[in-house]
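Residue 295 in numbering that gives the first Met the number 0 sits at position 296 of the sequence shown; the count goes up by one each step and never skips.
Heads up, the beta-carbon is just placed ideally off N, CA and C, and yes, glycines get one too.
Comments concern the structure below.
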Amino acid sequence: MGPLMADAVSGAGAVPPADAMSLTGGAPLTGAARNPVGGHVPVAGGLAKVGLSYAREMGAEAVQVFVANPRGWAMPEGSARQDEEFREACLTASIPAYVHAPYLINFGSHTEATAQRSVDSARHSLRRGRAIGALGVVVHTGSATGGAPRAKALAQVRELVLPLLDELDEDDAPWLLLEPTAGQGSSLCSRVWDLGPYFDALDHHPRLGVCLDTCHVFAAGHDLAGPGGMKQTLDALVDTVGPGRLRLIHANDSKEAVGAHRDRHENIGEGHIGAEPFRELFTHPETEGVALTIETPGPKAQHAADVARLKALRDGP
């Protein structure tokens, strides 16, 4: 069992409390597979009430949520009751939970207001993540704006992010998970080896991890669909940041060809990546214990189909 699942299953074997059962429509959520497979769930109307119901209906073994508008700077407090219900239901059912921070965050921005808002927003997501029992908070690695050289942007990343990481000093604090982007513009991280200078800038902090989006790295130029492409990419990731840093995978197919630098997600097996690379992903030693969450298009039924397909690839011969 990998380190993530060891963190997530401390309540395994317990009988789900009445609240957890009702939140999931009478059927408990289930987790604790080698690789829990789930997805990003909507929470408008209640983190626990809506989010966990959606998770059950899509067959999720892991969940990811927003705790703020992903396209704004607002930082809502949330509901203490919903937080508690969500946290307890996930703990009881061994469901690892994650938060995706707002998309606007860019620690490399040359605009002082954006840089400071990025810090405030990330701090809010980390605080809310701890309140709901999240194991990690995903943040995009950002870009060097205003024509600033990469070295200058990374120096600013260090100045802004190291204090945030040092605040994560409680045992139940979430990890900060860096998500490389598809390589648009002056991206600071798109290919997996770009994470090397980013980790160096942050002193390889013990609460720093990686969220790998399969669509992003494919769009950035890693040919996951080629022979052994998934293994080669994961090997390169381990060579760059070391073992144990991969803490979450966003499992998405791609509407665009490899190297297109366009972030357009597709349903599992229906895009240019295809299904087989995901089977390869499940056998790599670095992915053991790491959850997968989908961010694919379509309604709930399509999300459930994507989750089911990934489970079949995981559990099949």
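Q. Relative to the alpha-carbon of residue 210, which residue among 247, 180, 181 has its alpha-carbon at the smallest distance?
A. The sequence position of residue 210 within the sequence shown is 211, counting from 1. Ranking the options by Cα distance to residue 210, first place goes to 247.
Q) Hey, residue 37 and residue 286: beta-carbon distance below 7 Å or not? A) Numbered from 1 along the sequence shown, position 38 holds the residue referred to as residue 37. Numbered from 1 along the sequence shown, position 287 holds the residue referred to as residue 286. No, Cβ-Cβ distance for residue 37 and residue 286 is not below 7 Å.
Q. Given a threshold of 16 other Cβ atoms within 10 Å of its Cβ, counted over all protein chains shown, does residue 102 qualify as buried or as exposed?
A. Position 103 of the sequence shown, counted from the first residue, corresponds to residue 102. Counting Cβ neighbours within 10 Å, residue 102 comes out exposed, since fewer than 16 surround it.
Q. If residue 187 sits next to residue 132, beta carbons under 8 Å apart, how far is it from one beta carbon to the other, in whole angstroms?
A. Position 188 of the sequence shown, counted from the first residue, corresponds to residue 187. Position 133 of the sequence shown, counted from the first residue, corresponds to residue 132. 30 Å between Cβ atoms; not a contact.
Q | residue 222 - DSSP class collapsed to helix/strand/coil | A | Translated into the one-based positions of the sequence shown, residue 222 becomes position 223. Residue 222: coil per DSSP, three-state reduction.
Q. How many whole angstroms separate the CB atoms of residue 244 and residue 195, which I take to be in contact at a CB cut-off of 8 Å?
A. Locating residue 244 in the sequence shown gives position 245, counting from the first residue. Locating residue 195 in the sequence shown gives position 196, counting from the first residue. Not a contact, Cβ separation roughly 11 Å.
(Q) On the DSSP bridge list, what partners appear for residue 97? (A) Counting from one through the sequence shown, the residue named residue 97 turns up at place 98. The partner list for residue 97 (beta bridge, DSSP) reads 63, 135.
Q | From 157, 221, 205, residue whose alpha carbon lies closest to that of residue 197 | A | Indexing the sequence shown from 1 puts residue 197 at position 198. Here the closest residue by C-alpha is 157.
**Q.** Presumed contact (8 Å Cβ cut-off) between residue 153 and residue 200, rounded CB distance
**A.** Residue numbering aside, residue 153 sits at position 154 when the sequence shown is read from its first letter. Residue numbering aside, residue 200 sits at position 201 when the sequence shown is read from its first letter. Yes, residue 153 and residue 200 are in contact; Cβ-Cβ is about 5 Å, under 8 Å.
(Q) Spatial neighbours of residue 266 within its chain, please: C-beta separation below 8 Å, excluding the five flanking residues on both sides. (A) Locating residue 266 in the sequence shown gives position 267, counting from the first residue. Answer for residue 266: 252, 295, 296, 297, 301, 304, 305, listed in chain order.
Q.
Using the three-state DSSP reduction, which class does residue 265 fall into: helix, strand or coil?
A. Residue mapping note: residue 265 aligns to position 266 of the sequence shown, counting from 1. Strand at residue 265.
(Q) Looking at the strands, I want to know which residues DSSP matches up with residue 207. (A) Within the sequence shown, the letter at position 208 stands for residue 207. Beta-bridge pairing links residue 207 to 175.
Q. What are the boundary residues of the alpha helix (DSSP H) that residue 110 is part of?
A. In the sequence shown, residue 110 corresponds to position 111, counting from 1. Unbroken run through residue 110: none, as it is neither H nor E.
Q. Based on the DSSP secondary-structure assignment, which residues constitute the bridge partners of residue 142?
A. The residue you call residue 142 lines up with position 143 of the sequence shown. 186, per the DSSP bridge assignment.
Q. Over what stretch of residues does the beta strand (DSSP E) that includes residue 36 continue unbroken?
A. Looking up residue 36 in the sequence shown gives position 37. Residues 36-39.
Q. Leaving out the 5 sequence neighbours to the left and right, which residues in its chain are closer than 6 Å to residue 109 when beta-carbon positions are compared?
A. Translated into positions along the sequence shown, residue 109 becomes position 110. Same-chain partners within the cutoff: 144, 145, 147.
Q) Would residue 179 pass as a contact of residue 204 if the rule is Cβ separation under 7 Å? A) Position 180 of the sequence shown, counted from the start, is the residue given in the question as residue 179. Position 205 of the sequence shown, counted from the start, is the residue given in the question as residue 204. Against a cut-off of 7 Å, the Cβ pair of residue 204 and residue 179 comes out as no contact.
**Q.** C-alpha distance - residue 223 paired with residue 80, whole-angstrom precision
**A.** Taking the first residue of the sequence shown as 1, we reach residue 223 at position 224. Taking the first residue of the sequence shown as 1, we reach residue 80 at position 81. If you take the alpha carbons of residue 223 and residue 80, they lie about 42 Å apart.
Q) Can you check whether the CB of residue 136 is closer than 7 Å to the CB of residue 98? A) Translated into positions along the sequence shown, residue 98 becomes position 99. Translated into positions along the sequence shown, residue 136 becomes position 137. A contact, by the Cβ cut-off of 7 Å.
Q: Taking residue 246 as part of the beta strand (DSSP E), name the residues at either end of that continuous run.
A: Taking the first residue of the sequence shown as position 1, residue 246 is located at position 247. From DSSP, the beta strand (DSSP E) with residue 246 extends over 245-250.
Q) Taking C-beta to C-beta, are residue 121 and residue 96 nearer than 7 Å? A) By 1-based counting over the sequence shown, the position of residue 121 is 122. By 1-based counting over the sequence shown, the position of residue 96 is 97. No, the pair does not count as a contact, with Cβ atoms beyond the cut-off.
**Q.** Cut-off 6 Å between Cβ atoms - residues of its own chain near residue 229, not counting five sequence neighbours on either side
**A.** Taking the first residue of the sequence shown as 1, we reach residue 229 at position 230. Same-chain partners within the cutoff: 223, 276, 279, 280.
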